[in-house]
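Numbering (our numbering), first residue to last: 76 to 162.
C-beta atoms are modelled at their ideal positions from N, C-alpha and C, and glycine is treated no differently.
Note that the coordinates shown come from a computational prediction; the quantities given were computed from them, not determined experimentally.
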């Protein structure tokens with residue numbers, strides 16, 4: 076598993092993917108006061124600091140967790156298939 080920590084805001088494409096992974100009902104957990112995916116995109120475009128951290132994303136398997144709930148983050152990390160050494 077590779078971990079990549081990003082301190083800056085996501086790109087608009089990355090935000091779209093995160094919102095797709097979480098579903099529209101969770102948009103407000105990603106972008107402050109957003110009521111849905113399109114509202115989140117609009118608010119983010121107007122003010123990137125509306126993006127709420129932390130967000131942990133498994134890009135390969137299309138999953139994301141918002142907030143600092145350690146058990147949810149660990150469940151996401153544990154669900155990532157382990158890489159095996161292949162010769």
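Straight-line Cα distance separating residue j from residue i
i: residue 125; j: residue 110; result: 13 Å
i: residue 114; j: residue 94; result: 11 Å
i: residue 122; j: residue 148; result: 26 Å
i: residue 107; j: residue 157; result: 34 Å
i: residue 119; j: residue 128; result: 13 Å
Buried/exposed call for residue i, threshold 16 Cβ in 10 Å
i: residue 141; result: buried
i: residue 80; result: exposed
Endpoints, beta strand (DSSP E) assigned at residue i
i: residue 132; result: 130 to 133
i: residue 140; result: 138 to 141
Terminal residues of the alpha helix (DSSP H) in which residue i lies
i: residue 152; result: 145 to 154
i: residue 118; result: 112 to 121
Best match in the options for proximity to residue i [C-alpha to C-alpha]
i: residue 91; options: 153, 137, 83; result: 137
i: residue 96; options: 146, 131, 82, 84; result: 131
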